[in-house]
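*Asks:*
Protein chains: 2
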Amino acid sequence: MAVLLRAAGRGLFPWRGFCSRGSQGEFTPGFVEALKAVVGSSHVSTAPAVREHHGHDESMHRCQPPDAVVWPQNVDQVSRLAALCYSQGVPIIPFGTGTGIEGGVCAVQGGVCVNLTHMDRITELNSEDFSVVVEPGVTRKALNSHLRDTGLWFPVDPGADASLCGMAATGASGTNAVRYGTMRDNVLNLEVVLPDGRLLHTAGRGRHFRKSAAGYNLTGLFVGSEGTLGLITSATLRLHPAPEATVAATCAFPSVQAAVHSTVQILQAAVPIARIEFLDDFTMDACNRHSNLNCPVAPTLFLEFHGSQEALAEQLRRAEEITQHNGASHFSWAKEAEERSQLWAARHNAWYALMALSPGCKGYSTDVCVPISRLPEILVQAKEQLKASGLTGGIVGHVGDGNFHCILMLNPDDAEELHRVKVFAEELGRQALALRGTCTGEHGIGLGKRQLLQEEVGAVGMETMRQLKVTLDPRGLMNPGKVL
Amino acid sequence: MAVLLRAAGRGLFPWRGFCSRGSQGEFTPGFVEALKAVVGSSHVSTAPAVREHHGHDESMHRCQPPDAVVWPQNVDQVSRLAALCYSQGVPIIPFGTGTGIEGGVCAVQGGVCVNLTHMDRITELNSEDFSVVVEPGVTRKALNSHLRDTGLWFPVDPGADASLCGMAATGASGTNAVRYGTMRDNVLNLEVVLPDGRLLHTAGRGRHFRKSAAGYNLTGLFVGSEGTLGLITSATLRLHPAPEATVAATCAFPSVQAAVHSTVQILQAAVPIARIEFLDDFTMDACNRHSNLNCPVAPTLFLEFHGSQEALAEQLRRAEEITQHNGASHFSWAKEAEERSQLWAARHNAWYALMALSPGCKGYSTDVCVPISRLPEILVQAKEQLKASGLTGGIVGHVGDGNFHCILMLNPDDAEELHRVKVFAEELGRQALALRGTCTGEHGIGLGKRQLLQEEVGAVGMETMRQLKVTLDPRGLMNPGKVL
């Protein structure tokens, strides 16, 4: 079994060809009772439907259910659960909203899935210090609703209404990262239950300073560790002043290059652009149909500007000059909140717009990130290879960061098509690596990109990461089979 | 000896009362010859004057010379030096410009000091990608001179013309961090020689993407590790567009509180201020004398704004409104480059201005950082305690980050005064910890703050850091006695 499970992790698509482990029968007698003793019997389930629900995320990765699901109500229970599993050698898989897309929650070795959504309090808001403390059940949208009247907001926006601790675990980012950074830049402190149940505060208990040079950066180590080093039970996040005014815009370009050159020039001109998103012609067409837009079917930028009215006027003028100089046309401005949300809803629904083109198909999204100067060549290559592979898909990208996604539509029961998708995605990953980029800008390694990670960081990098894993999780129980 | 050396590390002031280890006599026969075989005999020195020079930084920490100093010319030599020291169990201390102030280069166990300043090439500039690659001998000013005509700059500015890799090792920041972040935010990749000589590229060899979610954040782990995990032989840094226009200003406040409230309100108003520095009345007086300024002797803010002419006008108007609302007076604007550099030279020379007040004295700088809402109370307390302790000193602070320094003047031969400084600094550190802050915003732990680090991160935090150290430096040879 161990051999099979390891094999299952190789390559991008481990979701087919292996049967899942199955039932809680492998727990030692009394183990489920011990779980119930920690969290209460109504907060433990071994029901097949519940386990199935927790065995997959939103991706194509094959469902691999845990043997039990538990819902702790507080950090003390999480700590006791970890200690219990540690003493019994049972794997633990942390679970937030299940909105990941690299199979991060698949229970490849079974074990206990710890669903953290019942811990959903915003335990502290320090407005003057621009910081907030959230439990793992608090989602991005819930936090921003809570902040509505404070003049503050949390900008990291991966699209899905993910839990903020889950976003910290994944190292998520999204459309606002070009201005506000990723989770790496916006997590100030983490409370982590270590595999043996001990409680770690990565920047010291209760601390929420803006900067520090005190010892090793443990916060940075846990952000992006994908649940493989411990369970995040609380996150202290950096907040930002809510923008005084916001304007969104779209414009069409004669070529992919023209769109990317505009992006580079906007950044060089120090225009503090809040979002700058690329959609290829295929995706734009899908969005027009799905969201009743009327944009030209062409390489397109979706832009957003944040600032005072006065600052906005200047930002808009500069961006318009630069984009027009690169041949942009069909400018469309959205200044009112409703128009703006319609526009961004269209962008965020790009995935569903593409899926709607091929009913019955499922989606797979690549996630490479390259130095921005190399974007035009890899985008053009990707489009050519999509065509050559006979695959259907569109491209969307956070081009200000050099990060883009090919969203591919596929019939998961068509093994041959699946194979072509796999080959395409791996080739694209290798092209990004050849252009000095990364195989994942924001989705994480999860199950599918472990081979590419090795190629990306090299033998010494992998060895170092493995040493860190063994040090912090010596029994290999935290979300096993992921990342490494 | 080991006992003495360990004791020497306790508390804030390990620079007195223990004799240094001394000579290269403890090397095994032939070891110096082996060093020469790696780097050439002209690049190895065991001369007492050279060793003395490399046994201290700019702080009061007692000189503790290494047994030999070597100047490698390239990364391959660094790697061979590390392997050689590893095989012989000889400590290694990386050395850049020696401008640290927490004793980070003191050779508390002797060993080989690796002076990296001969490796001083800027090996790559990627203007479109806003990134640059520097060897460890390249200083902050040398890089910015090199960038002068590119429209780009590297903003992190700790005052001293430190080496950029040294700044990465320390997790440095300084006056621009409020807008551009610290080294943690501006290092994209590091080349590190591990203790046994292996070469690690923390984000993969040659890569320079803006963001990634690929595996554990090794870059973040090495930034701020103070030479205790490996030797940084190259850093890939994030560059920023050079500001189109810059305006500096000073204004005086009726109280410390009024200055800090202005700072919070400027940040809340999302004014993208580039620098916002606090000087107390005592420091302002010293700067007036030392730099021929004519500012009121009062709590003062030094401000700097970056942007287009149009954006600047608005930033200035808002900042002026806010500061005036808090009772500020005596605005002085510096729009021309010469006036601005004069103003900032005065700020950066605050240390020397204070030292000039007490000829023959030496300086010690505290470095706490607290949530900004707690700044007024700790600043007021610090001033009262300075007075109550009978100590002389001024306060300067990067108040936008909650980080400030008490610069104390002391006679290093006066044991009683030294004791009072020690008590004051430790108490201030503990007050910062009680206010949920950190004992070091940017200077690092080095030798003097190891006890405070324990109090800051707690038992599990320390245990985790120690585990990481043992994992990456199993023989404890990298800059021993520092941080942990």
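Here the protein sequences line up with chains A and B, keeping their order. Quick note: full-length UniProt numbering has the first sequence finishing at residue 484, numbered continuously throughout. Quick note: full-length UniProt numbering has the second sequence finishing at residue 484, numbered continuously throughout. Even for Gly, the Cβ is constructed at its ideal location relative to N, Cα and C.
Using three-state DSSP, classify residue 266 (chain A) as helix, strand or coil.
*Replies:* Working through the first sequence from its first residue, we reach residue 266 (chain A) at position 266. Of the three classes helix, strand and coil, the one that applies to residue 266 (chain A) here is helix, per DSSP.
*Asks:* Pull up the CB-CB distance for residue 210 (chain B) and residue 189 (chain B), whole angstroms please, since I reckon it's below 8 Å.
*Replies:* In the second sequence, residue 210 (chain B) corresponds to position 210, counting from 1. In the second sequence, residue 189 (chain B) corresponds to position 189, counting from 1. The pair is not a contact, with the Cβ atoms about 11 Å apart (cut-off 8 Å).
*Asks:* Nearest CA to the CA of residue 267 (chain A): which residue from B:152, B:61, B:53, B:472?
*Replies:* Residue numbering aside, residue 267 (chain A) sits at position 267 when the first sequence is read from its first letter. Ranking the options by Cα distance to residue 267 (chain A), first place goes to B:152.
*Asks:* For residue 251 (chain B), which of B:400, B:128, B:276 has the nearest alpha-carbon?
*Replies:* On the second sequence, residue 251 (chain B) is found 251 positions in, with the first residue counted as 1. Of B:400, B:128, B:276, the residue nearest in Cα terms is B:276.
*Asks:* To be precise: take each residue of the region 199-228 of chain B, compare its Cβ to all Cβ atoms of chain A, and keep it if any distance is under 7 Å. Which residues remain?
*Replies:* 199, 200, 201, 204, 205, 206, 207, 208, 209, 210, 211, 212, 213, 214, 215, 216, 217, 218, 220, 221, 223, 224, 225
*Asks:* Kindly say whether residue 120 (chain B), judged by its beta-carbon, lies nearer than 8 Å to any beta-carbon of chain A.
*Replies:* If you number the second sequence from 1, residue 120 (chain B) lands on position 120. By the rule that beta-carbons nearer than 8 Å mark a contact, residue 120 (chain B) does not touch chain A.
*Asks:* Please state whether DSSP places residue 461 (chain A) in a helix, a strand or coil.
*Replies:* The residue you call residue 461 (chain A) lines up with position 461 of the first sequence. Here residue 461 (chain A) sits in helix by DSSP.
*Asks:* Taking 8 Å as the limit between beta carbons, can you name the residues of its chain near residue 536 (chain A), skipping five residues before and five after?
*Replies:* The structure shown has nothing for residue 536 (chain A), since chain A only spans 1 to 484.
*Asks:* My assumption, with CB atoms under 8 Å, is that residue 197 (chain B) sits in contact with residue 107 (chain B). Please give the rounded CB distance.
*Replies:* The residue labelled residue 197 (chain B) in the question sits at position 197 within the second sequence. The residue labelled residue 107 (chain B) in the question sits at position 107 within the second sequence. In fact, because the Cβ distance is near 20 Å, the residues do not count as touching under 8 Å.
*Asks:* Would you report the Cα separation of residue 161 (chain B) and residue 69 (chain A), rounded to the nearest angstrom?
*Replies:* As a position in the second sequence, residue 161 (chain B) is number 161, starting the count at 1. As a position in the first sequence, residue 69 (chain A) is number 69, starting the count at 1. Per the coordinates, the alpha-carbon of residue 161 (chain B) lies some 56 Å from the alpha-carbon of residue 69 (chain A).
*Asks:* So residue 124 (chain A) is in the beta strand (DSSP E); what residue range does that whole segment cover?
*Replies:* To locate residue 124 (chain A), count along the first sequence from 1; it is residue 124. Its beta strand (DSSP E) spans residues 122-126.
*Asks:* Considering only C-alpha positions, which residue in the set A:465, A:52, A:204 is nearest to residue 66 (chain A)?
*Replies:* For the purposes of this step, residue 66 (chain A) is taken as residue 66 along the first sequence, with counting starting at 1. That would be A:52, whose Cα lies nearest to the Cα of residue 66 (chain A).
*Asks:* With 8 Å as the threshold, decide whether the Cβ of residue 457 (chain A) is near any Cβ in chain B.
*Replies:* Residue numbering aside, residue 457 (chain A) sits at position 457 when the first sequence is read from its first letter. Chain B, which has a Cβ nearer than 8 Å to the Cβ of residue 457 (chain A), makes this yes.
*Asks:* Cβ of residue 95 (chain B) within 8 Å of Cβ of residue 54 (chain B)?
*Replies:* Here residue 95 (chain B) corresponds to residue number 95 of the second sequence, with the count starting at 1. Here residue 54 (chain B) corresponds to residue number 54 of the second sequence, with the count starting at 1. Closer than 8 Å, so yes.
*Asks:* Looking only at its own chain, which residues have a Cβ that is under 7 Å from the Cβ of residue 241 (chain B), when we skip the five neighbours before and after it?
*Replies:* Position 241 of the second sequence holds residue 241 (chain B). Contacts found: 151, 152.
*Asks:* For residue 312 (chain A), which residues in chain B fall below 9 Å Cβ to Cβ?
*Replies:* Taking the first sequence and counting its residues from 1, the one referred to as residue 312 (chain A) is at position 312. What residue 312 (chain A) touches in chain B: nothing, since even the nearest Cβ is about 11 Å away.
*Asks:* Give me the Cα-Cα distance between residue 32 (chain B) and residue 44 (chain B), rounded to the nearest whole angstrom.
*Replies:* For the purposes of this step, residue 32 (chain B) is taken as residue 32 along the second sequence, with counting starting at 1. For the purposes of this step, residue 44 (chain B) is taken as residue 44 along the second sequence, with counting starting at 1. Roughly 8 Å between the two C-alpha positions.
*Asks:* For residue 71 (chain A), name the three-state secondary structure that DSSP assigns.
*Replies:* Within the first sequence, the letter at position 71 stands for residue 71 (chain A). The answer is coil: DSSP assigns residue 71 (chain A) none of H, G, I, E or B.
*Asks:* Check whether chain A comes within 8 Å of residue 25 (chain B), counting only Cβ atoms and requiring the distance to be less than that.
*Replies:* Counting from one through the second sequence, the residue named residue 25 (chain B) turns up at place 25. With a pLDDT of 48 at residue 25 (chain B), under the threshold of 50, the modelled position of that residue is not reliable, and no figure is offered here.
*Asks:* Could you give the C-beta distance for residue 220 (chain A) and residue 220 (chain B), rounded to a whole number, given that I count them as a contact under 8 Å?
*Replies:* What you label residue 220 (chain A) is simply residue 220 of the first sequence in a count that begins at 1. What you label residue 220 (chain B) is simply residue 220 of the second sequence in a count that begins at 1. With 8 Å as the limit, residue 220 (chain A) and residue 220 (chain B) qualify as a contact, their Cβ atoms being about 3 Å apart.
*Asks:* Which one of A:278, A:165, A:175, A:174 has the shortest CA to CA distance from residue 192 (chain A)?
*Replies:* As a working note, residue 192 (chain A) is residue 192 in the first sequence. Here the closest residue by C-alpha is A:165.
*Asks:* Please list the partners that residue 478 (chain A) has in chain B, where partner means a Cβ-to-Cβ separation under 8 Å.
*Replies:* Here residue 478 (chain A) corresponds to residue number 478 of the first sequence, with the count starting at 1. Under the 8 Å cutoff, chain B gives no residues; its nearest Cβ is about 13 Å from residue 478 (chain A).
*Asks:* Straight-line CA distance for residue 112 (chain B) to residue 84 (chain B)?
*Replies:* Start at 1 with the first residue of the second sequence, and residue 112 (chain B) comes out as number 112. Start at 1 with the first residue of the second sequence, and residue 84 (chain B) comes out as number 84. Between residue 112 (chain B) and residue 84 (chain B), the C-alpha separation is close to 11 Å.
*Asks:* Between residue 402 (chain B) and chain A, is there a C-beta pair that is closer than 8 Å?
*Replies:* Residue numbering aside, residue 402 (chain B) sits at position 402 when the second sequence is read from its first letter. At least one chain A Cβ lies under 8 Å of residue 402 (chain B).
*Asks:* If you measure beta-carbon to beta-carbon, which residues of the region 434-448 of chain B are closer than 7 Å to chain A?
*Replies:* 436, 437, 438, 439, 440, 441, 442, 443, 444, 445
*Asks:* In chain A, which residues lie with their C-beta within 8 Å of the C-beta of residue 490 (chain B)?
*Replies:* Here chain B comprises residues numbered 1 to 484, so residue 490 (chain B) is not present and cannot be evaluated.
*Asks:* So is residue 141 (chain A) buried or exposed if we call it buried at 16+ other beta carbons inside 10 Å?
*Replies:* Here residue 141 (chain A) refers to the residue found at position 141 when the first sequence is read from its first residue. By the 10 Å Cβ count, residue 141 (chain A) comes out exposed.
*Asks:* Between the alpha carbons of residue 121 (chain A) and residue 138 (chain A), how many angstroms are there, rounded?
*Replies:* For this step, residue 121 (chain A) is matched to residue 121 along the first sequence. For this step, residue 138 (chain A) is matched to residue 138 along the first sequence. Per the coordinates, the alpha-carbon of residue 121 (chain A) lies some 7 Å from the alpha-carbon of residue 138 (chain A).
*Asks:* Pick helix, strand or coil for residue 322 (chain B), following the three-state DSSP scheme.
*Replies:* Along the second sequence, one-based indexing puts residue 322 (chain B) at 322. Looking at residue 322 (chain B) - three-state DSSP - the assignment turns out to be helix.
*Asks:* Can you confirm whether residue 270 (chain B), when its beta carbon is compared against all beta carbons of chain A, has any partner nearer than 8 Å?
*Replies:* As a working note, residue 270 (chain B) is residue 270 in the second sequence. Yes, residue 270 (chain B) lies at the interface with chain A (some Cβ there is under 8 Å from its Cβ).
*Asks:* I want to see whether chain A comes within less than 8 Å of residue 326 (chain B), judged by CB atoms only; does it?
*Replies:* Translated into the one-based positions of the second sequence, residue 326 (chain B) becomes position 326. Taking Cβ atoms only, chain A never reaches closer than 8 Å to residue 326 (chain B), which makes this a no.
*Asks:* Just the Cα atoms here: how many angstroms apart are residue 274 (chain A) and residue 395 (chain A)?
*Replies:* As a position in the first sequence, residue 274 (chain A) is number 274, starting the count at 1. As a position in the first sequence, residue 395 (chain A) is number 395, starting the count at 1. Each residue's alpha carbon lies about 20 Å from the other.
*Asks:* Would you kindly work out how many angstroms separate the C-alpha atoms of residue 477 (chain B) and residue 465 (chain B), rounded to a whole number?
*Replies:* Sequence index remark: in the second sequence, residue 477 (chain B) carries index 477 (1-based). Sequence index remark: in the second sequence, residue 465 (chain B) carries index 465 (1-based). Those two C-alpha atoms are separated by around 16 Å.
*Asks:* Evaluate the contact criterion for the region 318-329 of chain A versus the region 213-233 of chain A: three or more CB pairs, one atom per stretch, below 8 Å.
*Replies:* no
*Asks:* Count the CB pairs spanning the region 402-417 of chain B and the region 338-358 of chain B that are closer than 8 Å, and state whether there are at least three.
*Replies:* yes
*Asks:* Confirm, please, whether the CB-CB distance from residue 316 (chain A) to residue 460 (chain B) is below 8 Å.
*Replies:* In the second sequence, the residue the question calls residue 460 (chain B) occupies position 460. In the first sequence, the residue the question calls residue 316 (chain A) occupies position 316. Contact flag unset, no.
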